[in-house]
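The structure appears right after this line, and notes come after that.
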Amino acid sequence: MPSRSTLSPGEINRRRVAEILSAKGPHPGATVADDVVTLSPSPVQSANSSASPALPSSDYRLHSHHSTTARSSGTSSHSTVGRWIPADETITVAGVQISGGMVYVGSAFATPDNSNCLINPKLSVASHADRGGSMMGYWPSYSSIHPRERRAYLDWLASGRQDKEIGIGYVFLFFYGLERRLFIDGAVEEIDVIAGETRRLLSLYGHNHSFKGYATRLLDTLSITKWQAGLPLTVSLDGRQWYELPNSLKMQIGYKIAKKEALSADEALMWVVCAPETSLRTPVTRCFEEFKSLWTIEFSKAYPDGLKVPEPKTRLTLSYRAAMGFSGTISTNFEGKSLPDITNIKAPLNKLRLLVELCTEALDPYSRYLGRNPEAVASIAAARLLPPDLIRKGGHAVWDDITGKLNTLLKGEAEGFVPVTVLADLFETGPLNGNISRAQSAQIGTALDKIGYGFEPDARYGASALSSDGEVYLFRAEHGAPVPDDASAYSGYRLMIEVIAIAAAADNQLKQAEFDVVETTLRDATALAETERMRLLGLATALWRNAPKAQTLLKKLGNIPDSDKRQIANTAVAAVLADGQIDPKEVAFLEKLFKALGYAETDVYATLHRGGTEELPSAAAVSSPIVHPANTIQLDPERLRRIRGETDVVSQMLANIFADEAASVAHTPAPQSADITVRITGLDAEHGQLFADVLAAGTLSRADFDAKARSLKLLPDGALETINEWGFETLDDLVLDGEDCLEIPQHLIDQIKDLVAV
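First residue of the sequence shown? That's 68 in my numbering, and the numbers climb one at a time after it.
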């Protein structure tokens, strides 16, 4: 005979009717008193529960019937009257020792109804077992199954009821006993133990849809008593029954609606998740814990005071159908009438489904990654894909660990310097080769944004590539202090800070007075948003410790209007003068800056003598003779104030530097040298050979570079400029860096080699 799980619904119904009408015996539930699942008033309410308050005296919980089972204290397997064996007892039947109890043993019950679960020790047991239960009927009974099936059942009980390959009929046979203990004996005090065992069985045999349905409905009915005792329902997918809402949920939400109370996030989630019409996508089922947390956040945004639902006219009627055969009704009276029935409510559920979809979409990248890499559930790579709101809420083990480590690095402070390698290791960005790539930098920045940290220099906002042996300035800021793409004022101030930092660092003695110029300027800048000001102060702090390279900055200043050049020159001079002293090295930088801006060197000294005013001539004008300054000068405070006041104009001008650059001038190549052996895509033969020589050498002194340039009939300064111009256009970076010794940044070497053609 086929097992229960292989029968069609039609065959099951045919056999059920045949069994009821046959001479085998009456309907298993026919003699149950009133054929009703009765409940008794519940006076219990948890003092500290607000989510699921206990119902008033018209509420109900499972009624504790007086048991007619003999409860002898011994463990004899030959008792005449069947009795319940508690979970802490061990018995022996047919030579099989069974520990863990939770079965009925005896010759017969005091009344003959619902005795299919009773293990009669007088019945024969075969020496060989039929584990599949191939001859077992739809409603199996220990007394009617074959001796080989009794052997299989006893062995299954003795092995701890955990053989996943056992026939499902044996599981039902045991399950009948649990139902009898609750609904016939009324053992309310054993609800927790029986519910726990039912959940364990579900984890082993839930693949059988029939057993899953009966076991889930039992747990649902038992959860009503939990809720009535003031304990909130557990939010999970376990209560999802696919074809109807759980009875416990109907009662809980119906009660809240009857009381005119708003639904909580958990109640609304259970309602929409368990509604048969709700389709849950993979991100929900795969990442339900993360989904619950995100749902709470989004629900609070959408319904800060909870979800109010109008009371429907339809009243609630509930029933319970046991696997052992009987069925009955559950009273739902409240203040003289039944609770409202939420079964056919549509409008609130439609709104909640939109919220489900919002959370599902947000978790989709995280879910897809785990689908491809299930072992990476606790990895940084997966955690980075969580929605920002969920990360900021806290409670996720990976992010909590990262936040704790950052707090340790900063020694509990809100800001501080952190080595680049530490952040790269913390966020698992992969191996570092010399400079950290822009992609790796962006990876770190995006992760820090999600936990409320910003860092500088940040390549996402205009900084050059970070060196792997360098450090960054880390600071706490909401969402990482983001800067919009169209923040023109920010771009200008950023470049201004870089100019000031290089000017101030020229004497290798960055002073507080020089930093104060930047800080005061930024705090007074009305064109900046607060997040932009915070990020720029972070940049200034970082650059005051590690100033940028002059050559990279000077390249940005090549082709801008004369009026803008004048403002940039004055800004740099103000920084040099801020500490009341002028160092020859600072003057040397100003000479390079003025030259990059198109001014003569003599204009540097004239501007310094005037205290850094706006009186610079046109960049094309002839300058006055050089007048060397003294080692110290007296500052004019009024002039310095005027210079600081001009910085808003400077920032607006600098924001357009790249947009206003003139088209490059056509270059006529020099006659080709006989020494050309290498070509580089995008460079003419001579410049390509010169650059290839540096690439081959690794590093090249400036003297050797100049000599090689001349041998190729190139002007050294012009050749350096042409190669770096090509670098910016091709690789978006400076390709020859250094003053006395030129070298190619390590992170660019592999890309450059791809452009070499012998």
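Glycine included, C-beta positions come from ideal geometry on N, C-alpha and C.
The alpha helix (DSSP H) enclosing residue i, as first and last residue numbers
i           : result
residue 430 : 414-439
residue 164 : It is not in any alpha helix (DSSP H) - residue 164 instead sits in the beta strand (DSSP E) that spans 163-166.
residue 493 : 487-493
residue 802 : Neither: residue 802 is in no alpha helix (DSSP H) and is coded neither H nor E.
residue 341 : 332-341
residue 198 : Taken as a continuous stretch (DSSP letters only), residue 198 belongs to no alpha helix (DSSP H), as it is neither H nor E.
residue 778 : 769-778
residue 151 : Taken as a continuous stretch (DSSP letters only), residue 151 belongs to no alpha helix (DSSP H), being part of the beta strand (DSSP E) at 150-152.
residue 322 : 314-325
residue 671 : 669-676
residue 206 : Per DSSP, residue 206 belongs to no alpha helix (DSSP H) and is neither H nor E.
residue 470 : 464-476
Per-residue burial, residue i [other beta carbons within 10 Å of its own, 16 or more giving buried]
i           : result
residue 808 : exposed
residue 821 : exposed
residue 421 : exposed
residue 599 : buried
residue 502 : buried
residue 408 : buried
residue 195 : exposed
residue 313 : buried
residue 91  : For residue 91, the predicted structure reports a pLDDT of 33, less than 50, and the residue's modelled location is therefore unreliable. A value from the coordinates is still provided. By the 10 Å Cβ count, residue 91 comes out exposed.
residue 464 : exposed
residue 581 : buried
residue 634 : buried
residue 782 : exposed
residue 818 : exposed
residue 732 : Because residue 732 carries a pLDDT of 34, less than 50, the predicted location of this residue cannot be relied on, and the following value inherits that uncertainty. So residue 732 counts as exposed.
residue 727 : Low confidence applies here, because residue 727 scores a pLDDT of 41, under 50, leaving its location unreliable and the question unanswered by this model.
residue 327 : exposed
residue 304 : exposed
residue 451 : buried
residue 368 : exposed
residue 806 : exposed
residue 415 : buried
residue 69  : Low local confidence applies: a pLDDT of 42 at residue 69 is under 50, so the model's placement there is unreliable, and no value is given.
Pair within 8 angstroms by beta-carbon distance, residue i and residue j
i           : j           : result
residue 557 : residue 550 : yes
residue 220 : residue 243 : no
residue 614 : residue 564 : no
residue 284 : residue 171 : no
residue 405 : residue 399 : yes
residue 444 : residue 437 : yes
residue 573 : residue 652 : yes
residue 595 : residue 560 : yes
residue 363 : residue 332 : yes
residue 793 : residue 749 : yes
residue 811 : residue 823 : no
residue 330 : residue 376 : yes
residue 544 : residue 521 : yes
residue 641 : residue 664 : no
residue 776 : residue 757 : yes
residue 222 : residue 163 : yes
Segment limits, beta strand (DSSP E) that includes residue i
i           : result
residue 354 : From DSSP, residue 354 is part of no beta strand (DSSP E); its letter is neither H nor E.
residue 540 : 538-543
residue 157 : 157-160
residue 809 : 808-810
residue 171 : 170-172
Minimum Cβ-Cβ distance from residue i to chain E less than 8 angstroms
i           : result
residue 267 : The structure shown contains no chain E; it is built from a single protein chain.
Any non-hydrogen atom of the ligand FMN within 7 angstroms of residue i CB
i           : result
residue 533 : As presented, the structure is devoid of all ligands, the ligand FMN included, so that no description of it is given.
Original post:
Is the segment 274-281 close to the segment 201-217, with three or more CB pairs under 8 angstroms?
Top reply: no
Does the segment 275-292 come within contact of the segment 343-355, defined as at least 3 CB pairs closer than 8 angstroms?
no
Quick one: complete alpha helix (DSSP H) runs, 4+ long, within the segment 346-395? 349-353, 355-369
Threshold first: 4 residues or longer. Then list the alpha helix (DSSP H) segments lying entirely within the segment 210-258, N to C.
214-225, 235-250
Runs of 3 residues minimum, wholly inside the segment 498-536: which ones carry the beta strand (DSSP E) assignment? 520-523
Within the segment 572-603, note down every full alpha helix (DSSP H) run reaching 4 residues or more, in order along the chain.
579-590
Query raised in the report: Taking one C-beta from the segment 593-609 and one from the segment 658-673 each time, how about it: are there three or more such pairs within less than 8 angstroms?
Result: no
| Counting Cβ pairs, one atom from each stretch, are 3 or more of them under 8 angstroms apart for the segment 156-168 and the segment 249-262? | no
- Tell me, please, whether the segment 474-485 touches the segment 508-515 by the rule of three or more beta-carbon pairs shorter than 8 angstroms. no
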